[in-house]
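Everything on this sheet refers to the single structure shown next.
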Amino acid sequence: MEDPTLEQVEAPEGGCDPMGSLHWSRLLAGPVDPWREDPTPEHLGEVPEYRKKASVTPIFKKGKKEDPGNYRLVSLTSISGKVMEYLILETISRHMKDKKITRSSHHGFTKGKSCLTNLITFYDEMSGLVDEGRAVDIVLLDFRKAFDTVSHKILIEKLLMYGLDEQTVRWTENWLNGWAQRMVISSSAKSSWKTVTSGVPQGSIPDPVLFIIFINDLDDGAECAPGQFADDTKLGGVADRPEGHAAIQRDLNKLENWADRNLMQFNKGKCQVLHLGRGKPMHQYTCREPPSWKAALHRRTWRSWWTPS
5 MEDPTLEQVE APEGGCDPMG SLHWSRLLAG PVDPWREDPT PEHLGEVPEY
55 RKKASVTPIF KKGKKEDPGN YRLVSLTSIS GKVMEYLILE TISRHMKDKK
105 ITRSSHHGFT KGKSCLTNLI TFYDEMSGLV DEGRAVDIVL LDFRKAFDTV
155 SHKILIEKLL MYGLDEQTVR WTENWLNGWA QRMVISSSAK SSWKTVTSGV
205 PQGSIPDPVL FIIFINDLDD GAECAPGQFA DDTKLGGVAD RPEGHAAIQR
255 DLNKLENWAD RNLMQFNKGK CQVLHLGRGK PMHQYTCREP PSWKAALHRR
305 TWRSWWTPS
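Okay, so the sequence shown: first residue is 5 according to my numbering, each after it adds one.
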């Protein structure tokens, strides 16, 4: 019995396709040359439509279970599709490493770095300023639905800007365009298929590195010390003189301009300002996001909250 072709393998109901996996395992076990002699649709930069479908399962994080915002959505895709995604991830990651494209301020989804290295690096710089007797303001920022609002068009433009080969970019663009998903709560509770017009599919293999590429230029021209882990961004600077306050405010303005250009928004409910060192934290930093909001600092509790201006 001959192996089925990719066109003959039907789309799976629950994301598992044994026949497709068998075909791919035999194909990948051999040399790479057969791909070139009899290229698959993926090799040509085209992804079969049924490979662009994913069943999304909500995973509870914390808080009230009645609140939909307290769930993380994970995409379940086919095994054979994930094999191809992994190969694309390897190509992109190798290019990013060889060309040294990823900024040193990025610690998320980066080999050799982690949440811990992010914290230690930033803490070391800020605590050094405090040890010198300086006052420091740290602005903690968070994007609203960051992974879900990534513009496909802008992402593809950035892949080309960073010099990815045409075939990899074409495959990524074809993979993102026409992506469809449905919500699956149980075997009897499923929504209808809906086309996804933005975002990188969470649960897919390449989505972390694609997001890093998308936000890689976030801290262009930053005057203060930046720090990033995935969609969590922070910047810190000396805040015991007016020029220090002005530098932090200029960086905040640059971040907002970047968000505007890249069709992203900050989640003002999670944005805070922390004051360290001597002196009263009287300075207020503004955010242009309508309605206008100001960060009000409280020295005793080292907290900040957002209040309408």
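Glycine included, each C-beta is placed from N, C-alpha and C at the ideal position.
Please go through the same chain and pick out, in chain order, the residues whose beta-carbon is closer than 7 Å to the beta-carbon of L77, but skip the five residues on each side of it.
V60, P62, Q206
By the three-class DSSP mapping on this structure, what secondary structure does D236 have?
strand
Please tell me whether D235 and F126 are closer than 7 Å, where the distance is taken between their beta carbons.
no
What are the partner residues of Q185, as DSSP defines its beta bridges?
DSSP, once it has assigned bridges, lists A58, K198 as partnering Q185.
Hey, D255 and A139: beta-carbon distance below 7 Å or not?
no
Measure the alpha-carbon distance for L159 versus E247 and round it to whole angstroms.
35 Å
Is the number of C-beta pairs between the segment 210 to 229 and the segment 82 to 100 that are closer than 8 Å three or more?
yes
May I ask you to list the residues that DSSP assigns as paired with H110?
Q232
What are the boundary residues of the beta strand (DSSP E) that includes Y90?
Y90 -> not in any beta strand (DSSP E); alpha helix (DSSP H) instead, spanning 83 to 102.
Between G240 and F113, what straight-line distance do the alpha-carbon atoms span, to the nearest angstrom?
22 Å
How many Å lie between T201 and D71 at the Cα?
24 Å
Determine the direct distance from the alpha carbon of L133 to that of N181, and round the result to whole angstroms.
C-alpha separation (whole angstroms): 47 Å.
Using three-state DSSP, classify C291 as helix, strand or coil.
In this structure, C291 counts as strand in the three-state DSSP scheme.
Does DSSP classify S208 as helix, strand or coil?
Secondary structure of S208 (DSSP, three-state): coil.
Taking the alpha-carbon of V204 as reference, which of I219, K194, S190 has the nearest alpha-carbon?
I219
Considering only C-alpha positions, which residue in the set S108, K68, K198 is nearest to L222?
Of the candidates S108, K68, K198, the one whose C-alpha sits nearest the C-alpha of L222 is S108.
With respect to the alpha helix (DSSP H) encompassing D146, which residues constitute its N-terminal and C-terminal limits?
No alpha helix (DSSP H) holds D146; the beta strand (DSSP E) holding it covers 140 to 146.
How big is the Cα-Cα spacing for M88 and H279?
Roughly 47 Å separates the two Cα atoms.
Note down the Cα distance separating Y75 from N261, rounded to an integer number of angstroms.
Taking the straight line from one Cα to the other gives about 30 Å.
Opposite V242 in the DSSP bridges: which residues?
For V242, the pairing in a beta bridge is given by DSSP as V140.
Work out the CA separation of H156 and L259 for me, nearest whole Å.
A direct Cα-Cα distance of roughly 20 Å separates L259 from H156.
Return the CA-CA distance between N257 and S192, expressed in angstroms with no decimal places.
49 Å
Along the chain, where does the alpha helix (DSSP H) containing Y127 start, and where does it finish?
For Y127, the enclosing alpha helix (DSSP H) covers residues 119 to 135.
Given a threshold of 16 other Cβ atoms within 10 Å of its Cβ, counted over all protein chains shown, does C119 qualify as buried or as exposed?
exposed
Here's a check: name, in chain order, each residue in its chain whose Cβ is nearer than 7 Å to the Cβ of L168, leaving out the five neighbours to either side.
Within the same chain, L168 has close Cβ partners I96, H99.
Taking the C-alpha atoms as reference points, what is the distance between E136 and Q276?
Rounded to the nearest angstrom, the two C-alpha atoms are 24 Å apart.
Do you know offhand how far W179's Cα is from S196's?
20 Å
Have a look at E50, P52, A58, V51 and flag the residue whose alpha-carbon is nearest the alpha-carbon of K198.
A58
Look at the alpha carbon of Q232 and the alpha carbon of L93, and state the distance between them as a whole number of angstroms.
21 Å
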